[in-house]
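Chains as they are written, first to last, in our numbering: chain A, -8 to 447; chain W, 42 to 243. Here a beta-carbon is modelled for each residue, glycine too, at the ideal position from N, C-alpha and C. This one's a predicted model, so the numbers in the text were calculated from it and none came from an experiment.
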């Protein structure tokens, strides 16, 4: 080893000095001067819209106004107005929100005037909410006057009493169409996490009309297609989060990703059949609950708007304002019909099918056992297929109802076999007259099929 | 000149190696001030507090964040409390939002500033059991704003209920998730139980 020269010592010192300076600069940029107070413009909201009301039912609109936290620990000084009208056209009436003593369901509220609440065509409304200390504002739903929230009046909903749920009497599937052990080889699906942090498996799936199943195997960064028991895979650049999936007839795949550590906003990524990214589009709202096929492309149920917003039109992405002004209260796979869902209270579920923007028929389902989320509500011929969950503090099972004009035409109870976590409302898909369910066990993930008694 | 450049490169390598240590120093900027006792504690103030922690990252065993809307250290290895990155973990975020004391027998309301580094004594599993004077178990069907759902490995607070029966949950779920509001179906998941804080004043 040669003795170090002054030249080499100078070089090493220069390298060290350069990186130290660079490190200091980087540190200063990231955490060196942390913002000790949240941005003054911070404002968010919560609102549970009464989208399906009964005649004579008093209606109160409640809002949470969420601002930057105050140093004295008190809630923010909020205010706001609701713009309300009967039906879906005409001028809006401005009503100031009142501030209540309780915030459990939203501190700010307004009672809907009886003449508006009882309008045969329902009513439409939006709110402008404000932090009075900063002037920051938010409009809910985000489309405001262009796409206000709708509330429909149910004249004669078909009443269905489920009574207490009897656990342990689940139906066996008609077929297991995917049985994939955990792993990374073709035909397997990825498992991430640990016993301490919890496990995630394939977060979503979709089923084509011919029965081909596509699993979003985000742990392995791929879509895995299963047809007649054989698997093929397409690589896609997706994150590890619990994303939802919608696959179109030509193989285009829409992947709806949650926010993560480097992209703090939810994003829809659209891939061609070969897995090449076509485009990515940020959602209008901060949170999503479900991705579905709409009449002109993917639509997403978003919060706090609590509306279905389209993400694309004729294959092209819609920017955030363009999503917001096209929002709908219900989900429609076709242009001529929407399905509106409201899970309210502990065990009530209201459903309505719209035709020409009016309630065509409706159901009011009540259960003595608490009902959880609605996984699926889709028209199938002249029926409506609904999948919800009955639960207690220690048990849960899915309840499938096939609804017709006279009530329940078929009822199934399915096991909730969900060892690994997936996307929240992506456990079921309807294809043809069959219902498909994604589940998992300590051994792997599976998709099972249940054939429904529905005339085609 | 060649010698100079080689030595310059070696200098870079040496500093990069020690930089890995310097990387985990977010906690060095946090403080250990005493909390502020408050007489009121409303659910919407809890929403304000938890919502402001969004985007600030996740740190296993952590409880310290600023308000720059960026996770300063987003790629720490998961499950390692020694990395000292930014953000709370699920139970740390809940503990601070619920204004709890580090003394489990105290049920008063203690406001912790964001940069105060405190996790509190409870894991998700302990919250699930309702451990500690301020906490108790509730029926999941009754859980409302700023109540929580806890499993043996995770806890998230209800930000607001939602139309399809799930909940918007504010939570620090994992290193790659960061802290944010996600739609979840914990309410109907038997792995999760309902838990709440005593003492809300509005």
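Around the beta-carbon of residue 180 of chain A, 16 or more other beta-carbon atoms lie within 10 Å, marking it buried.
Residue pairing for residue 177 of chain W: DSSP places it in a beta bridge opposite W/237.
At a C-beta separation below 9 Å, residue 323 of chain A has no neighbours in chain W, since its nearest C-beta there lies roughly 16 Å away. Shown here, residue 92 of chain W sits in a helix according to DSSP, grouped into three states. Residue pairing from DSSP places residue 69 of chain A in a beta bridge opposite A/122. The three-state reading of DSSP puts residue 276 of chain A in coil, since its state is none of H, G, I, E or B. Residue contact check for residue 196 of chain W against chain A: no CB pair falls below 8 Å. About 6 Å separates the beta carbons of residue 236 of chain W and residue 171 of chain W, which is inside the 8 Å limit, making them a contact pair. By the Cβ-count criterion, residue 96 of chain A is buried, with 16 or more other Cβ atoms from all chains shown falling within 10 Å of its own Cβ. Closest in alpha carbon position to residue 372 of chain A, among A/328, A/289, A/312, is A/328. Boundaries of the alpha helix (DSSP H) harbouring residue 313 of chain A: 311 to 315, taken from the DSSP string. With contacts defined by Cβ atoms closer than 8 Å, residue 227 of chain A and residue 262 of chain A form a contacting pair. Closer than 8 Å to the CB of residue 219 of chain W there is at least one CB belonging to chain A. Taking 8 Å as the Cβ-Cβ cut-off, the stretch 84 to 98 of chain W approaches chain A at 84, 85, 86, 88, 89, 90, 92, 93, 95, 96, 98, given in chain order.
Residue environment analysis places residue 152 of chain A among the exposed positions, since fewer than 16 neighbouring C-beta atoms fall within 10 angstroms of its C-beta. Excluding sequence positions up to five before and after residue 106 of chain W, its CB lies within less than 7 Å of the CB of 94, 97, 98, 127, 128, 129, 155, all in the same chain and listed in chain order. Contact between the stretch 106 to 122 of chain A and the stretch 280 to 289 of chain A is absent: fewer than 3 CB-CB pairs across the two stretches fall below 8 Å. Against chain W, a Cβ distance below 7 Å from residue 361 of chain A picks out 182. Its chain contains 83 as the residues whose beta carbon lies nearer than 6 Å to that of residue 243 of chain W, once the 5 sequence neighbours on both sides are disregarded; these appear in chain order.
Cα atoms of residue 325 of chain A and residue 47 of chain A: separation of roughly 32 Å, rounded to the nearest angstrom. Proximity of residue 203 of chain W to chain A, defined by a Cβ-Cβ separation below 8 Å, is satisfied. Beyond the five residues adjoining it in sequence on each side, residue 192 of chain A comes within less than 7 Å, by CB distance, of 180, 182, 411, 413, 431, 436 in the same chain, given in chain order. Take the alpha-carbon of residue 222 of chain A and the one of residue 169 of chain A: they are about 9 Å apart.
For the stretch 230 to 241 of chain A, the residues whose beta carbon sits under 7 Å from a beta carbon of chain W are, in order, 231, 232.
Counting only runs of 4+ residues, no alpha helix (DSSP H) is found wholly inside the stretch 64 to 90 of chain W.
The criterion of a C-beta distance shorter than 8 Å is satisfied by residue 204 of chain A and residue 427 of chain A. Within the stretch 84 to 125 of chain A, the complete alpha helix (DSSP H) segments of 4 residues or longer fall at 105 to 108, listed in chain order. Taking C-beta separations shorter than 8 Å and ignoring five residues to either side along the sequence, the partners of residue 150 of chain W in its chain run 78, 79, 80, 81, 82, 140, 240, following chain order.
About 19 Å separates the Cβ atoms of residue 198 of chain W and residue 143 of chain W, ruling out a contact at the 8 Å cut-off. Secondary structure at residue 440 of chain A: strand, using DSSP grouped into helix, strand and coil. Here residue 78 of chain A carries a coil assignment [DSSP, helix/strand/coil].
With three or more CB-CB distances shorter than 8 Å, the stretch 389 to 404 of chain A counts as touching the stretch 144 to 162 of chain A.
No Cβ-Cβ contact shorter than 8 Å links residue 71 of chain A with residue 52 of chain A. Taking a beta-carbon distance threshold of 8 Å, residue 115 of chain W counts as an interface residue toward chain A.
Taking 8 Å as the CB threshold, residue 112 of chain W lines the interface with chain A. Counting C-beta pairs closer than 8 Å gives fewer than three between the stretch 225 to 241 of chain A and the stretch 269 to 278 of chain A, which falls short of the contact rule.
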